[in-house]
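Residues -12 to 221 in this note's numbering are what the sequence shown spells out, letter by letter. C-beta atoms are modelled at their ideal positions from N, C-alpha and C, and glycine is treated no differently. Data block below; observations after.
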Amino acid sequence: MRLDALLTRLGLGSRSEMQKLIRRGAVAVDGTPIRDPGAAVLPGAPLAVDGHPVDSRIERTVMLYKPDGVLTAARDPKAKTVMDLLPPVYTSIGCMPVGRLDKDTTGLLLLTTDGELAHRLISPRRAIEKTYLATVDTAFRPEEVAAFAEGLTLSDFTALPATLEIVDAHTGRITVTEGKYHQVRRMLAACGHQTLTLHRERVGPLTLDPALEPGQMRALNENELTALKQAVEL
Ligand code: URA
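Right, here's the structure in full:
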């Protein structure tokens, strides 16, 4: 793509600002100053502005430890959204959350610029497993394990078979393959439990990096990205 367009896409400034920057020799590609704003450059090429390296990749997939109280949305006029937790470049390159976690759900949220990857990960047809740790107000009963496995009947649909592992009296690990609105909370409510906390541990082959603190993100490594794409046959 054109060098000036790439810099603008990376959120470094307007197209005309970038043209000025390039013309004054501030931008180097592969270590060579480029003074032509229309020069062709591959996103991902080694790029430096005023001697400072700039990550020039416009395709990125990251994991975020979504904290409590933050909205899963690209933007919101009032509330803080998950995009506010990412450096601004992620908004510029069009990174979007993959699916949705409730405002008060914490844990693993993927965000990507790859629309096809996102689409496949949330497609019901792919039945990607998602695992949640839930704490509830009333004690789990052993027979609920079978009820989850059979498919719980909710007011407007029957949930697909899911897995409940009772971790302790008030804590359960639930794995589902669908992602309807308030899915896990509603499944728990169907068994008479109110959800106190809900935390996503896993999406398909990816588990939340234990090194991440709430609100922190990191790029997926090559192995993780490959595993994720394999899971959705990309
Ligand atoms: N199920 C829910 O009920 N809420 C979430 O945030 C995710 C799954």
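Asked, Found
"Quick check: P192 and T93, are their CB atoms within less than 8 Å of each other?", "no"
"From T164 to I109, what distance separates their C-alpha atoms?", "10 Å"
"Between T78 and the ligand URA, is the CB less than 7 Å from at least one heavy atom?", "no"
"In angstroms with no decimal places, state the Cα-to-Cα distance between G38 and M5.", "15 Å"
"Report the three-state DSSP secondary structure of A146 (helix, strand or coil).", "coil"
"Please state whether DSSP places R187 in a helix, a strand or coil.", "strand"
"Along the chain, where does the alpha helix (DSSP H) that runs through Y10 open and close?", "Checking the displayed sequence, the identity of residue 10 turns out to be Arg instead of Tyr. Residues R2 to R10."
"Return yes when at least one heavy atom of the ligand URA lies under 7 Å from the C-beta of L58, else no.", "no"
"Do you know how far the Cα of A126 is from the Cα of R187?", "20 Å"
"Could you please give me the residues that DSSP links to R160 through a beta bridge?", "L120 and E152"
"Would you kindly check if the distance between the Cβ of G25 and the Cβ of R(-11) is under 8 Å?", "yes"
"Can you have a look at A149 and say buried or exposed, based on whether 16 or more other CB atoms are within 10 angstroms of its CB?", "buried"
"Kindly give me the distance between the Cβ atoms of V41 and L(-3), rounded to whole angstroms, as I take these residues to be in contact under 8 Å.", "7 Å"
"Nearest to E103 by CA position, among R47, A121 and K65, is which residue?", "R47"
"Can you give me the C-alpha to C-alpha distance between Y52 and Q203, rounded to a whole angstrom?", "6 Å"
"With DSSP as the reference, label T194 as helix, strand or coil.", "strand"
"For the ligand URA, list every residue whose C-beta falls under 5 Å from any of its heavy atoms, going in chain order.", "L88, D89, T92, H169, Q170, V171 and R172"
"With distances taken between CB atoms, is the gap from A35 to A66 smaller than 8 Å?", "no"
"State the CB to CB distance for the pair L96 and T59, rounded to an integer number of angstroms; the pair is presumed to be in contact (CB under 8 Å).", "7 Å"
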